[in-house]
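The working numbering applies: residue 1 is where the sequence shown begins, and numbers increase by one.
Working notes, structure below.
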Amino acid sequence: TRIYVRPMPTPSKKDEPDLILIGTDTNAGLAAGLLSKVFETNGVAAVTGMGSRAMSQALKAVAIAQTYLQQNKVLDTEELVAAVRTESFKEGDEDRIRMVLTCMRAPAK
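Take a look at the structure:
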């Protein structure tokens, strides 16, 4: 599985289901299973995390989910692509930033 970068339309945040929170110790395979289930149900799914280790797990989950969705013909001639954005918020007195990967369908290249 490879990760490609290409321009895509900005996904609508209102169509996005609840965020799947990925932590540093999250099992990427289990997260991929949840991501796949949400994607099959809603046609879009989003994962979020803070920090390099959490986002590494999130990227692995997206890659595993794409493979699963293609093997099970949910994505027939399409690919699972992830649009990246950041969200800022306050936790107590601290400012925090998290990355969000919104996963959607795109034509295969």
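C-beta: ideal position from N, C-alpha, C; glycine also.
All of these numbers come straight from a predicted model, not from anything done at the bench.
- Closest in alpha carbon position to M104, among A46, L21 and V5, is A46.
- Three or more beta-carbon pairs separated by less than 8 Å link the segment 23 to 34 to the segment 59 to 69, which places the two stretches in contact.
- Per DSSP, reduced to three states, the secondary structure at R98 is strand.
- Nearest C-alpha to E91 among S12, P9, M50 and N27: M50.
- Nearest to K109 by alpha-carbon distance, out of K37, A58, L101 and V81, is V81.
- Distance from the CA atom of N42 to the CA atom of D15, rounded to whole angstroms, is 9 Å.
- Residue pairing for E79: DSSP places it in a beta bridge opposite A106.
- With fewer than 16 other beta carbons inside 10 angstroms of its own, F89 counts as exposed.
- Residue environment for I97: exposed (fewer than 16 other C-beta atoms within 10 angstroms of its C-beta).
- Check the Cα spacing between T48 and each of I20, D25, G29 and K73: the tightest is with I20.
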